[in-house]
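Numbering (the working numbering), first residue to last: 9 to 299.
Note that the Cβ used here is the ideal one computed from N, Cα and C, for glycine as well.
In what follows, a structure is listed as C-alpha cells, so that the remarks can point back to it.
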Ligand code: AMP
Ligand code: MN
Ligand code: MN
Ligand code: MN
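Here it is as C-alpha cells:
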C-alpha cells in the first residue's frame, strides 16, 4: 500500500478554526490528506460532522482533542488522538475548561475595556458563534476594529503576557489531561513542543512527567515548527522511547500556521505514531464500533 498522508492536528469552527468540520475535511482531501485528526481546543463538538463529511470522500477521521493544560505555571497543549468523545470523565473535564474559558473571556474584555477598547466581549462572542471562546476570537475582533494589522500582531500587542488583554490560564493539570485521554481510550501527544520556548532542563522534566503519566508521542512535525525543531524533537523521541506525530495545526486560510499541503514529512530517524501497536489497537477498536 502506498504511504498514507497523516495530518493529526487541525481545528474547526467548533473552536478557533475558520472552517466548518465539513469544509475542513473537504480542504484536507484537496490537500491529499488521507487521515485527518480533528483536534479542537477543549471540545469534541466538531467530530460528528467531520465523520459524516468524510464518509464519501475517502478521508479517514481520527477523533481528537487539544487540551489546554497548566504545567509548571505555563500553558501547554496536549493532544488526545482516537478518543471516544462519549466518555463521562472527559466531558466533565471539558465542561470545567469551558467554564474557565467563559470567565477568562469576560476578564479579557474587562481588561481591554480599561485599556480603552470597548465591546470586546460581544465582539469575540460574535466571532466564536456561540461555541468555544478563545483568544483567537478576540484577535479577529481587534483586527476587524483596526487595532492591529493581522492576527500575529494582535497577539503580540494585546493578548500575551505583560500586554493589556492578557489573563493567565488556569487549565487542567497534566495528570488530569492524560487521565481523561486514557479514560477515553486515546493516545496522548505533546503538541508543538518547540512553541513553549522551555529551557532544555524544563523540557526534559515535562517529557519525563508526560511519559510517566502514560503519554506516547511528541508532535515532531508541526505547522509551527521549523525544520530544526523537527530534527531536534525527532531525536528526542528516540532517546525518550516515544513515538513521533505530524500535524499542520491548520486553523483556516487566514491564519499563520502551515497549510496541510506544505507540511513536511517526518524525519527518518523517528517512529511515526501510526506505526505503533497502540495505534493499531485504536484503529481496530473504531472499525469494530462502526461495523
Ligand atoms: P486560547 O486557547 O484561547 O488561549 O488561544 C490560543 C490560540 O490562539 C492558539 O491555539 C492559536 O490558535 C492562537 N494563537 C496563539 N498565539 C498566536 C500568535 N502569536 N499568532 C496567531 N495565533 C496565535
Ligand atoms: Mn488555536
Ligand atoms: Mn496549540
Ligand atoms: Mn492546535
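- Counted as a single uninterrupted DSSP element, the beta strand (DSSP E) harbouring residue 82 occupies residues 82-89.
- Assignment of residue 129 by DSSP, reduced to helix, strand and coil, places it in the helix class.
- Taking all protein chains shown into account, residue 54 has 16 or more neighbouring C-beta atoms within 10 Å of its C-beta and is therefore buried.
- Secondary structure note for residue 247: its alpha helix (DSSP H) is the uninterrupted segment 235-247.
- If you draw a straight line from the Cα of residue 152 to the Cα of residue 143, it comes to about 14 Å.
- The shortest C-alpha to C-alpha distance from residue 123 to any of 13, 218, 90, 165 is the one to 165.
- In this structure residue 50 touches residue 109 by the C-beta definition: roughly 7 Å separates them, less than 8 Å.
- Where residue 255 is concerned, the enclosing beta strand (DSSP E) starts and stops at 251-255.
- Look at residue 101 here: in three-state DSSP terms it is helix.
- Here residue 69 is bridged, per DSSP, to 44.
- A direct Cα-Cα distance of roughly 24 Å separates residue 195 from residue 177.
- Straight across, the Cα-Cα distance linking residue 220 with residue 126 is about 46 Å.
- Look at residue 282 here: in three-state DSSP terms it is helix.
- Within the same chain, Cβ atoms closer than 8 Å to the Cβ of residue 106 are found at 50, 51, 140, the five residues on either side in sequence being excluded.
- Excluding the 5 residues flanking it on each side, residue 170 has no same chain C-beta neighbour closer than 7 Å.
- With a beta-carbon spacing of about 18 Å, residue 202 and residue 76 fall beyond the 8 Å limit used to define contacts.
- A Cβ-Cβ distance of about 20 Å is found for the pair residue 182 and residue 228, leaving them out of contact under the 8 Å criterion.
- A direct Cα-Cα distance of roughly 11 Å separates residue 272 from residue 13.
- Under DSSP, the beta-bridge partners assigned to residue 78 are 83.
- Going by DSSP, residue 230 is part of the beta strand (DSSP E) stretching over 225-230.
- In the three-state DSSP reduction, residue 221 falls in the coil class, being neither helix nor strand.
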